[in-house]
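Structure record follows, encoded as structure tokens.
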């Protein structure tokens with residue numbers, strides 16, 4: 003990262019000729035942020051926008067998310083895109099609990115964030131009723147640029163959070179509030 | 023083969039069930055007859071087995087709720103189709119909301135199984151003799167029948183939507 007034209011990925015640290023020193027936390031956070039494996043949980047039109055986001059024009063791979071993980075065991079980021087029916091709720095919760103820490107969740111689109119236009123008895127009024135959410139992307143459906151913006155917000159979280167977020171009391175209380183573990 | 027007309031079907035049904043037919047009408051050109059709930063199996067299996075009419079396909083089975091229709095609030099609707107004559111027939115029965123029990127159509131049409139489960143799921147109509155009458159589309163924890171008119175469409179658990187912002 004020593005070329006002048008390139009933007010530096012890790013900003014905080016000591017730099018000299020031929021060396022760069024920073025904290026382990028920053029290095030690991032940067033590594034995580036630039037190799038997020040997303041698990042697409044696509045149920046409707048937002049999923050189509052996600053496909054465009056993965057495609058060559060918008061190319062999510064530029065942000066280090068080249069590989070989608072279709073197994074929750076290896077995924078870092080759960081991307082919920084679309085309407086989740088109440089009957090689907092327990093399935094989504096199980097997918098979330100199957101993911102290993104550290105894990106992040108992004109609610110893409112109005113339906114995943116709040117139920118959207120489906121203010122009805124059969125639709126979950128936002129996935130945050132059953133699992134914690136890190137970033138909400140508004141839109142119905144959001145354009146790929148907005149999804150990319152959401153990914154970049156997640157990357158900021160990943161870079162700046164404590165590496166052991168899962169051990170913090172706040173995080174434990176949050177999960178307990180959802181009845182997870 | 024003779025061209026089958028609605029008049030001929032009405033004539034045939036009247037000849038066999040004259041006394042028990044409650045109403046015959048043709049809303050939007052679809053022949054509709056209303057029969058008492060005890061007669062549903064008898065009438066429909068006769069239409070099914072009749073070698074001339076051959077109503078061998080149950081297109082749809084559903085319910086409807088008329089809260090103002092006192093004493094007969096719930097209706098069950100059967101849509102029959104005769105492929106041979108390409109003609110359709112609608113049969114309606116009415117029951118009260120207090121005791122919405124009707125005989126199951128599964129002995130005549132196997133396809134009525136899931137449709138009756140759906141009708142039970144949404145309207146709370148009990149189909150007597152159904153092999154497996156439980157919810158099919160809604161979640162099992164649901165404690166009411168959402169298509170009954172006394173229940174509002176909107177999700178009742180949320181508190182962040184103020185009515186005035188949603189034109190209610």
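Chains as they are written, first to last, in this note's numbering: chain A, 3 to 183; chain U, 23 to 190. Heads up, the beta-carbon is just placed ideally off N, CA and C, and yes, glycines get one too. As the structure is a computational prediction, the values presented were derived from the model and not from experiment.
For residue 60/U, which option in 79/U, 123/U and 82/U has the closest C-alpha, if you only look at C-alpha atoms?
123/U
Cβ-Cβ distance between residue 40/A and residue 71/A below 8 Å
yes
Using the Cα positions of residue 186/U and residue 128/A, report the straight-line distance between them to the nearest angstrom.
21 Å
With a threshold of 8 Å, are at least 3 pairs of Cβ atoms found where one atom belongs to the segment 53 to 70 of chain A and the other to the segment 88 to 105 of chain A?
Short answer: they don't touch.
Which residues of chain A have a Cβ atom closer than 9 Å to the Cβ of residue 89/U, listed in chain order?
Those do not exist, as residue 89/U stays about 18 Å from chain A at its closest Cβ, beyond 9 Å.
Within 10 angstroms of its Cβ, does residue 30/A collect 16 or more other Cβ (buried), or is it exposed?
exposed
Is any beta-carbon of chain C found at less than 8 Å from that of residue 154/U?
The displayed structure is made up of protein chains A and U, and chain C is not among them.
Flag residue 148/A as yes if its beta-carbon sits less than 8 Å from any beta-carbon of chain U, otherwise no.
It does not; no Cβ of chain U falls within 8 Å.
Here's the rule: buried if 16 or more other CB atoms are within 10 angstroms of the residue's CB, otherwise exposed. What is residue 133/A?
Flag for residue 133/A reads buried.
I need the boundaries of the beta strand (DSSP E) containing residue 102/U, first residue and last residue.
96 to 104
Could you confirm whether any beta carbon from chain A is found closer than 8 Å to the beta carbon of residue 161/U?
yes
Does the segment 135 to 144 of chain U come close enough to the segment 109 to 120 of chain U to have 3 or more Cβ pairs within less than 8 Å?
No contact exists between the segment 135 to 144 of chain U and the segment 109 to 120 of chain U.
Which residue or residues does DSSP assign as beta-bridge partners of residue 44/A?
83/A
Contacts that residue 124/A makes with chain U (C-beta to C-beta distance below 7 Å)
160
Please go through the same chain and pick out, in chain order, the residues whose beta-carbon is closer than 6 Å to the beta-carbon of residue 45/U, but skip the five residues on each side of it.
56
How close, in whole Å, do the beta carbons of residue 108/A and residue 90/A come, if the pair is a contact with beta carbons under 8 Å?
Wrong, their Cβ atoms sit about 17 Å apart, outside the cutoff.
By Cβ distance, which residues of its chain are closer than 8 Å to residue 151/U, with the 5 residues on each side in sequence left out?
Hits under 8 Å: 125, 126, 128 and 129.
Three-state secondary structure assigned by DSSP to residue 75/A
helix
Apart from the five residues just before and just after residue 88/A, which ones in its own chain have a Cβ nearer than 7 Å to its Cβ?
124, 125 and 126
Buried versus exposed, by CB contacts within 10 Å (16 or more), residue 52/U:
exposed
Cutting at 8 Å between CB atoms, please list the residues of its own chain near residue 62/U, excluding the five before and the five after it.
98, 100, 113, 115, 124, 125 and 127
Close beta carbons around residue 29/U, own chain, < 8 Å, minus the five adjacent residues each side:
Nothing meets the Cβ criterion.
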